[in-house]
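Participant: Take the sequence shown: its position 190, counting from 1, is numbered 236 in this note's numbering, and each next residue is one higher. Glycine included, each C-beta is placed from N, C-alpha and C at the ideal position. Before I ask anything, here is the structure I am working with.
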Amino acid sequence: MASSSAETYRRDDFGTDDMPFCNNSEDLQEVSILTVRGETGSGFYRLASTILGLLSVLFLVVIIGMSVLYSEVSGRHDRLALNSSQANGELESLKADYKRLAATKSTLHEEFGKVLSEKKALQVRLERAMSQIVALRQEKERSENQLKISRDSCGRCPQGWRLLNATCYYFSDEGLHKRGWEQSRQDCVNKGGDLAVVDTQEKQEFVSEVLQASRLGYWDGFWIGLKDDHTEGVWKWRDGASLERGHWREGEPNDFYSAEDCAATYPTSKPLEAWNDAPCNHPLKWICEMSP
Ligand code: 2F8
Ligand code: CA
């Protein structure tokens, strides 16, 4: 039985039994062949060829796209390769520069070391020269002072002594050499004199003037012949005479730590406020006096 969509064929229509869809029945048989109608077949082929065409186009597009992509990637690769080789070139040149700079640096370092040691040597020489200049200046000053002293004392005092009225005074000037009160007095005795008795304002002003001119420091004291070692607070000159008028610094004598029994005079801008009591064994300079 043929369906509405199938075509009915008779056996005779084909004239042969070799038709694949025939059976052996003598009767007219309807051969139902479920097949695609003629139009349907051509639609199928058209669809298939369209799909194939589309696939081909797609395939072509994919191939073209891949070719474009490949050419882009390959171009990028080439550029990168070029960049990389340029970078390598630059790296090599930088390495060479670095080597050169390192060599220059080490040369400069060596030269700097040499210059530094030369500078040090020059500094040592300069310091020596400076101290020689200072020593020469001091020597010159001493000689000038000596000359002045000789002129002032009119040849009546020994060399290095100064004359005030009829007395010669000696200010110890042996550099940094300092002594206690007793040792200082001994030096004066050895020189034919004794520690100075500064018992008048005139003498104090004279002594202060000499010390001021010497430009010594505030604590560069000079022993004078005055002590209170017998009775604290009772000051006597080394010849036993009592002190009538003292020329103490403000706050002195203070018998600091109950250990200060000897008097010294110091450089000061106030000539009549120049004395301090200090421990008798404290090392100081000293002033001797002697009658010519
Ligand atoms: O401040 C005054 C005081 O200064 C010194 O002692 C710290 C003096 N000492 C000597 O010169 C050794 C004191 O005599 C003086 O009174
Ligand atoms: Ca004192």
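Where are the beta strand (DSSP E) runs, 3 residues long or more, that stay fully inside the stretch 234-278, in chain order?
Facilitator: DSSP runs (the beta strand (DSSP E)) wholly in the stretch 234-278: 268-273.
Participant: According to DSSP, is Y215 helix, strand or coil?
Facilitator: Strand.
Participant: Taking 8 Å as the line, does the beta carbon of A167 fall inside it for any heavy atom of ligand 2?
Facilitator: No, Cβ of A167 sits at least 8 Å from all heavy atoms of ligand 2.
Participant: So, using beta-carbon positions, are I179 and V253 closer together than 9 Å?
Facilitator: In this structure, V253 does not lie closer than 9 Å to I179 by Cβ.
Participant: Any residues whose CB sits closer than 7 Å to a heavy atom of ligand 1? List them in chain order?
Facilitator: Listed by chain position, these are W265, G267, G297, E298, N300, F302, E306, N322, D323, A324, P325, H328.
Participant: Looking at V244 and L209, is the spacing between their C-beta atoms short of 9 Å?
Facilitator: No, the Cβ-Cβ distance between L209 and V244 is not below 9 Å.
Participant: Nearest to E298 by alpha carbon, out of L104, D323, V114, A212?
Facilitator: Here the closest residue by C-alpha is D323.
Participant: Specify, as a first and last residue, the run of the beta strand (DSSP E) that R208 falls within.
Facilitator: Looking at the DSSP string, the run of the beta strand (DSSP E) that includes R208 is 208-210.
Participant: Skipping 5 residues on each side, what residues in its chain have a beta carbon closer than 6 Å to that of S71?
Facilitator: Legend: pLDDT at S71 = 46, less than 50; position of this residue unreliable, no value from coordinates given.
Participant: Assign R207 to one of two classes, buried (16 or more other C-beta atoms within 10 Å of its C-beta) or exposed (fewer than that).
Facilitator: Sequence check: residue 207 is Trp here, not Arg. So W207 ends up on the buried side.
Participant: Cα separation between Q229 and A167?
Facilitator: Cα-Cα distance, rounded: 44 Å.
Participant: Cβ atoms of W227 and W294: under 9 Å apart, would you say?
Facilitator: Their beta carbons are not under 9 Å apart, which means W294 does not touch W227 by this criterion.
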